[in-house]
Structure formats: structure tokens, C-alpha cells
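**Q** Sharing a structure here in C-alpha cells format.
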Amino acid sequence: MDTTTIIRKQNDSQSLLIDQRLARILERINTQGFQPIGDLANYFQVSPQTIRRDVNLLAERGQCRRSHGGVWPVSKSRNIDYPARRMLDLEAKKQIAHQVAGIIPEGASLFLGIGTTVEMCAVALSKHARLRVMTNNLNAATALARNESCEIIIAGGRLRNTDLDIISAEAYGFFVRFSVDIGIYGTGGINAEGDLLDFHEEEVRIRTDLTNHCSQRVLVLDHSKFGRGATVRAGHITDADYVFTDKPPPATIVDMLDAAGVKLVITPPHSTTNPLKEN
């Protein structure tokens, strides 16, 4: 093994440790609230300077709020800006999207909701032939528009410039006009009881229409959504037929899914089975 390979492996290992620590810092502040820098340094057995660098990185991503001597969770009443959300757990979202695309047949009719993970699903589906897609997500529509065989129908109404989606009153009833094979949607967070949480009533109203008018409901979310708070509650994780995520959810959530007969798919895939074709 040459020196370059050894250095690369060492760097990869160090990056993994940092990512794991960042995830655990987020978990602590989201579940316990304000955390002093000194307490975090003692808990993780690293220097305060290391924790400050970690906190600065998380704050730049919009995942926490810095204050004198410590760190706070982000407000539950406001979501992280879309460009920052798109980059958070990007590889996990791509893995989820790849797995979802693998079980969508060509020629299917689809609903695509809003959010960054759904956008990644659209990117992964961009080479599927003859899809018929209804969406209020312009990021998803743009990703699919490169495929000339894909028919795309977009909700009308006022554009939310920050997210490039349409959740205004003009879009109410959009999904009700159709009946499709598969609906793919996300959520801002999921609490311990399995409730779907989001930041705007308009978002959940339109998502409810989406889930009520498709034959198969596919919920896509990365692991950071479990335990993440938001102010608007509508829907439940067991309303889905399939849940795609990148890490095992909390045991109580897994038990809920098992009891409700919901198919849980964790990426990277552990098999090549098509869950939509299972009985």
C-alpha cells in the first residue's frame, strides 16, 4: 500500500469520526436544549477548541444557533434555508433516492412532494422512461424535464422563491384532480409518537391531498428527521406504505411500522428485493 493510499484512508477515517461527533452534538442539543461548550468538550473528550470548530460548522449549515459559551437548537418555527438543507446529509439522500428509483417501474404515474430528499428522488428518476409526474416542486420538475419522455404537470399558484415550490392557496386541490400509482413525499420531522411535523400549514394540507390520492405512499427521509421538532402536526409515519431512510429509526418507531405492516427500507440496500412487488 503506497503512502497516498494510507493518507487517504486516514483522512476518510478522520472525516467519519468528525461526522459522527457532529451528529451526536446535534442529537444532544435537539433533545436536551442549550449545551455549554465546556460540557460538550467533556462529554466527547475533546478540546473546547475542537467543539467550537464543530459548532461553527453546524451553525454555517444552519443546524444550530451559536451563543456566548454554548449552542442552541434551531427554532422549531422556522426551517433551515433550502440551499443549506440540500447539502445536509447529501450522500444519505442520494442513497435513499437511488434505492427509491430502483423500485419505480418505467411508465408509472407519480406524485412528487416538496423537499430536498424528494428532489434527489427526481434526479435519480431522470432516466426513467414514460413517467407521468404531478408535482408542486419546481426543483423536481426541472430535474425530470431533461427527459423528453417524461410528462410533467405542475401545480399553479404563487412560487415560494426560497424553496422553488408552490404551497399557496391556489395549489390547494391540485393533487385531488389525479389518481396515481405512487406518491413520494417527505416531512420536516417525526416525533416520538410517529407524527409527521412540518413548519407551515399549507405544506401539510397539500401533502395530505397527495397521500390521499395515490395507490402506494412512499415516505422518504434521512435519519436526522427522527426526533426533529416542528410546529405543525399532520399525518403519521404509519400512513405510508413504505418508508425509505438511511439509518435504523428509534426502536419505538420500528415497532410502530411493524405493527402497521409498513415496509421499512434502510439504505444502503441489504438486498435487491423490490418492496413494491412484495405481497
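Under my numbering, the first residue of the sequence shown is numbered 50, with each subsequent residue one higher. Backbone N, C-alpha and C fix where the C-beta goes; we use that ideal spot for every residue, glycine too. Being a predicted model, the structure only gives us computed values, none of them experimental.
Hey, V167 and Y234: beta-carbon distance below 9 Å or not?
**A** Contact flag set, yes.
**Q** Which same chain residues, not among the five before or five after R101, have their C-beta less than 8 Å away from its C-beta?
**A** Excluding sequence neighbours, R101 sits near I86.
**Q** Return the CA-CA distance between P317 and C263, expressed in angstroms with no decimal places.
**A** Their backbone Cα atoms lie some 26 Å apart in a straight line.
**Q** In this structure, how does DSSP classify I145 when only helix, strand and coil are distinguished?
**A** Helix, per DSSP.
**Q** Under the rule that 16 or more other beta-carbon atoms within 10 Å means buried, what is D247, buried or exposed?
**A** By the neighbour-count rule (16 or more Cβ atoms within 10 Å), D247 is buried.
**Q** Can you name, in chain order, every residue of its own chain whose Cβ lies under 6 Å from the Cβ of N188, other than the five neighbours on each side?
**A** The answer, listed in chain order, is E168 and L213.
**Q** Count the other CB atoms, across all protein chains shown, that sit within 10 Å of the CB of Y291; report buried if there are 16 or more and exposed otherwise.
**A** Buried.
**Q** Would you report the Cα separation of G310 and H285, rounded to the nearest angstrom?
**A** Approximately 14 Å between the Cα atoms of the pair.
**Q** Distance check for E155 and R181, CA to CA, integer angstroms please.
**A** In a straight line, the C-alpha of R181 is about 10 Å away from that of E155.
**Q** Which whole-angstrom value is the C-beta distance of I201 and R207, which I expect to be below 8 Å?
**A** Actually they do not touch by this definition, with Cβ atoms about 19 Å apart.
**Q** In the DSSP assignment, the beta strand (DSSP E) including A283 goes from what residue to what residue?
**A** Unbroken beta strand (DSSP E) run through A283: V281 to H285.
**Q** Using only CA atoms, which one of M183, L161, L193 and G162 lies nearest to S175?
**A** The option with the nearest alpha carbon to S175 is L193.
**Q** Pairing CB atoms from the segment 105-124 with CB atoms from the segment 250-262, are three or more of them under 8 Å?
**A** No contact exists between the segment 105-124 and the segment 250-262.
**Q** For R134, collect the residues of the same chain with a Cβ closer than 6 Å to its Cβ; drop the 5 residues on either side in sequence, then sort them by chain order.
**A** Closer than 6 Å at the Cβ level, and outside the excluded window around R134, lie T165.
**Q** Ignore the nearest five residues each way along the sequence and tell me which others in K326's own chain have a CB closer than 7 Å to its CB.
**A** Any answer about K326 is weak, because its pLDDT of 45 lies below 50 and its placement is not dependable; what the coordinates show is given next. Nothing listed; no residue qualifies.
**Q** How about P299 and I315: do their beta carbons lie closer than 9 Å?
**A** Against a cut-off of 9 Å, the Cβ pair of I315 and P299 comes out as no contact.
**Q** What is the residue span of the beta strand (DSSP E) that P122 lies within?
**A** Looking at the DSSP string, the run of the beta strand (DSSP E) that includes P122 is G119 to P122.
**Q** With DSSP run on the structure shown, which of helix, strand or coil describes R195?
**A** Three-state DSSP puts R195 in coil, outside helix and strand.
**Q** Short check: CB of A241 to CB of T301, under 9 Å?
**A** Going by C-beta atoms, A241 is nearer than 9 Å to T301.
**Q** Just to confirm my understanding: we take W121, look at its own chain, exclude 5 residues before and 5 after, and list those with CB closer than 6 Å. What are they?
**A** Result list for W121: F83 and R114, in chain order.
**Q** According to DSSP, simplified to helix, strand and coil, what is T321?
**A** Low confidence applies to T321: its pLDDT is 38, below 50, so where it sits in the model is not reliable enough to give any reading.
**Q** Restricting to runs no shorter than 3 residues, where is the beta strand (DSSP E) found entirely within the segment 195-255?
**A** DSSP runs (the beta strand (DSSP E)) wholly in the segment 195-255: 200-203, 229-234 and 244-247.
**Q** Taking the continuous beta strand (DSSP E) assigned at Q265, which residues delimit it?
**A** Segment C263 to V269, the beta strand (DSSP E) holding Q265.
**Q** For G276, collect the residues of the same chain with a Cβ closer than 8 Å to its Cβ; drop the 5 residues on either side in sequence, then sort them by chain order.
**A** Correct list, in chain order: E76, N79, T80, G238, I239, N240, A241 and P299.
**Q** Look up C113 in the DSSP assignment and give the residues it is bridged to.
**A** Answer by DSSP bridge pairing, in chain order: P122.
**Q** Rounding to the nearest angstrom, what Cα-Cα distance links D68 and V95 in this structure?
**A** So the alpha carbons of these two residues sit roughly 14 Å apart.
**Q** My assumption, with CB atoms under 8 Å, is that V303 sits in contact with A289. Please give the rounded CB distance.
**A** Not confirmed; about 14 Å, so no contact.
**Q** Please check the pair C287 and L306, which I expect to be a contact at CB under 8 Å, by giving their CB distance rounded to whole angstroms.
**A** According to the sequence provided, residue 287 is Thr. The question's Cys does not apply to it. About 7 Å; that satisfies the 8 Å criterion.
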